[in-house]
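Structure first, commentary second.
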Amino acid sequence: MCARMREELLAFVSRRGTLLEPAAVEYLLSQQDPMGPLDRFLASCSEVPFVVTLQDVVRAADLGRNAAIRTRPAVSMSSAVQAATVTLVMPASFHRQGETASDHAPDVKILRDITGRSTCEGTIEDFTRYFRNRFQTLSRMLRSRRELGGTQEISKARRSTREVRFIGMVSDVRATKNGHRILELEDETDRISVLVLADSPSAAETFVMDEVVGIVGKVNDRGLVIAESVVRPDIPVTRPFRGIGEHLRAAFMSDVHVGSTTFLDEKWAKLTTWMSSDDEVARSLRYLVVSGDVVDGIGVYPRQDEELSIDDIYGQYEALSKMMAGLPDHVSVVMIPGNHDAVRPAEPQPALPAPIQKLFDSNITFAGNPSLVSLDGVKVLAYHGRSMDDFVSAIPGMNYHRPLDAMRQMLKMRHLAPIYGGKTPIAPEAEDHLIVEDVPDIFVTGHVHSVGVDTYRGVVLVNSSTWQAQTPYQKMRNIEPLPARLPIVDLASGQAVIKEF
Ligand SMILES: [Fe+2]
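Listed below in structure tokens is the structure:
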């Protein structure tokens with residue numbers, strides 16, 4: 000089926016007298032209607048271009064998605080909803096000093112996201128500028144580390160006979176047959192090989208392509224650096240949670256996948272009932288952060304139409320808007336997109352477009368993916384989490400059931416999606432918005448349909464579950480989701496709990 004589609008696509012392209020970039024071929028084959036975006040793009044060109052790029056077809060697909068206004072079926076919510084039976088995992092102290100969120104005006108500020116600031120056109124110059132920005136920003140962080148005082152450029156370091164300190168971007172990682180590892184590192188001046196011995200303190204670390212690290216080591220007579228230590232940008236010091244004065248709370252969810260036949264409408268109804276109840280924790284909820292894949296989308300994977308209960312993108316968002324309107328007024332919502340949503344797939348993704356935002360009540364703040372958002376002064380870094388696919392492939396021992404491990408790695412690398420050219424499409428913006436510049440108070444991801452809370456060096460980590468049951472694809476791959484769990488963080492103490500519906 001896929002091979003035939005590929006042949007058809009390539010035949011279509013050659014009939015139109017142009018060529019397709021390999022990445023554009025793969026992208027189109029992942030769409031429900033591979034010819035559609037291509038056709039739309041070619042129709043918009045005054046002359047047939049020599050090569051059609053990934054960027055061209057992605058943009059055309061986005062335009063197509065945004066224009067796809069068709070009939071809007073009503074939401075299918077279960078009418079026979081019973082009161083929520085809730086399994087609550089909450090420490091006793093979590094219940095103390097509850098405040099009521101309705102007494103307080105919400106204070107939501109978007110501190111950083113790409114919305115309205117995208118400049119990239121996907122040219123070679125854009126990529127060069129993007130990687131230079133990534134290298135320089137992370138180098139600056141690394142140079143402030145005590146261990147890396149007096150770093151040199153690689154071209155100078157390679158000629159040194161004493162201890163050397165330098166910073167480089169990983170361009171290759173390989174293991175030797177004795178269990179040592181060799182990193183190839185690059186800066187703007189040169190490239191060098193670094194040997195990390197199997198018995199060195201950094202031996203337990205796994206390094207990934209395109210991350211930026213600092214090295215302290217010695218150059219041997221063959222020009223190879225023997226690393227004494229490998230330093231990551233990381234969060235150098237653990238800080239206490241910088242909370243607000245009152246025990247108001249924020250809840251987190253993602254991967255609602257409205258429009259899918261596997262969306263859990265009865266669980267959603269239980270959540271709505273509980274949120275509107277007199278429960279002390281429910282009444283103290285002031286914010287709800289929704290971290291992407293808010294609807295199931297259209298044409299996200301082959302034959303998705305067979306698994307859709309709402310096959311119209313506007314219909315899906317309209318159904319979600321009704322669900323959100325059913326939540327109590329004292330909860331302010333912040334919503335970012337994910338890889339199923341109707342924005343460009345390349346990260347950083349802008350906020351949902353205006354025609355979709357208009358479907359929702361005004362108490363929803365739409366932001367990009369990723370976004371740094373302030374909730375009453377508490378800094379929340381929200382990222383959908385597509386790069387976890389790349390972390391799971393690249394790092395032995397990492398898996399979809401332990402998303403917090405990947406999140407810790409992101410904070411250590413100070414980058415949400417370091418691996419370029421994997422499953423996470425990255426747009427080469429002038430500034431690397433995937434760098435974790437400011438240390439957040441709370442860091443939340445979704446995407447993997449698991450759930451978890453923890454802390455890393457004072458940052459509260461949240462992975463925010465899903466409202467979709469196991470899909471046929473997950474069943475085939477033996478992935479057991481953990482749906483209908485709501486992580487809740489006390490904004491005064493940073494204490495996090497998970498409430499199950
Ligand atoms: Fe996702």
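Here numbering that gives the first Met the number 0 is used: position 243 in the sequence shown is 242, and no number is missing along the way.
Note that the Cβ used here is the ideal one computed from N, Cα and C, for glycine as well.
Being a predicted model, the structure only gives us computed values, none of them experimental.
Closest in C-alpha terms to Tyr-472, from the list Leu-374, Asp-389, Pro-301, comes Pro-301. CA-to-CA, the gap between Asp-437 and Gln-135 works out to about 16 Å.
In this structure, Ala-495 and Ile-243 do not form a Cβ contact; the two beta carbons are roughly 15 Å apart against a cut-off of 8 Å. Under the three-state reduction of DSSP output, Gln-494 falls in the coil class, being neither helix nor strand.
Rounded to the nearest whole angstrom, the CA to CA distance from Arg-39 to Ile-418 is 31 Å.
Under DSSP, the beta-bridge partners assigned to Pro-486 are Ile-497. Its chain contains Pro-232, Arg-413 as the residues whose beta carbon lies nearer than 8 Å to that of Met-140, once the 5 sequence neighbours on both sides are disregarded; these appear in chain order. The beta carbon of Val-330 is closer than 6 Å to those of Leu-284, Leu-287 in its chain, skipping five residues each way along the sequence. Between Leu-37 and Leu-27, the CB-CB gap stays under 8 Å. Between Asp-112 and Pro-349, the alpha-carbon positions lie close to 7 Å from each other.
Take Glu-428, set aside five residues on each side of it, and the residues of its chain with a beta-carbon closer than 7 Å to its own are Ile-113, Ser-117, Thr-118, Cys-119, Tyr-129, Pro-347, in chain order. Under the three-state reduction of DSSP, Asp-278 is assigned to coil, being neither helix nor strand.
At a cut-off of 3 residues, the continuous stretches assigned as beta strand (DSSP E) that sit fully inside the region 345-405 are 363-365, 370-374, 377-382. The C-beta of Ala-59 has 16 or more other C-beta atoms within 10 Å across all chains shown, which makes the residue buried. Residue environment analysis places Gly-167 among the buried positions, since at least 16 neighbouring C-beta atoms fall within 10 angstroms of its C-beta. One thing to note: Asp-489 has its Cβ within 8 Å of the Cβ of His-246. Contact between the region 394-412 and the region 446-463 is present: 3 or more CB-CB pairs across the two stretches fall below 8 Å.
Judged by DSSP secondary structure, Phe-251 falls within the beta strand (DSSP E) whose first and last residues are 248-252. In this chain, the beta strand (DSSP E) harbouring Leu-284 covers 284-290. Using a Cβ-Cβ distance cut-off of 8 Å, the region 177-196 and the region 376-396 are not in contact, since fewer than three pairs of beta carbons, one from each stretch, lie closer than that value. Met-334 has Val-289, Phe-365 as its beta-bridge partners, per DSSP. Cβ-Cβ distances below 8 Å link Val-12 to Leu-18, Leu-19, Leu-37, Val-51 in the same chain, with the five nearest sequence neighbours on each side left out; the list follows chain order. The beta carbon of Pro-395 sits closer than 8 Å to the beta carbons of Thr-205 from its chain, once the five residues preceding and following it are set aside; these are given in chain order. DSSP places Glu-183 in the uninterrupted beta strand (DSSP E) bounded by 180-185. When distances are taken from the beta-carbon of Arg-385 to the heavy atoms of ligand 1, the shortest one is below 7 Å. Val-215 sits close to Glu-146, with the two beta carbons spaced by under 8 Å. Burial of Thr-470 is indicated by the presence of at least 16 other C-beta atoms within 10 angstroms of its C-beta. In terms of side-chain proximity, the C-beta atom of His-446 is found nearer than 7 Å to a non-hydrogen atom of ligand 1. For Gly-35, the enclosing alpha helix (DSSP H) covers residues 34-43. Relative to ligand 1, Asn-338 has its C-beta within less than 7 Å of a heavy atom. Under the criterion of beta carbons closer than 8 Å, Asp-189 and Ile-225 do not qualify as touching, at roughly 18 Å. Beta-bridge annotation (DSSP): Tyr-455 is paired with Val-458. If you keep only unbroken beta strand (DSSP E) runs of at least 3 residues inside the region 191-245, you get 211-218, 224-230. Of the heavy atoms belonging to ligand 1, at least one sits nearer than 7 Å to the Cβ of Asp-292. Beta-bridge annotation (DSSP): Thr-118 is not paired with any residue. Boundaries around Leu-28 are those of the alpha helix (DSSP H), 21-28, since no beta strand (DSSP E) includes it.
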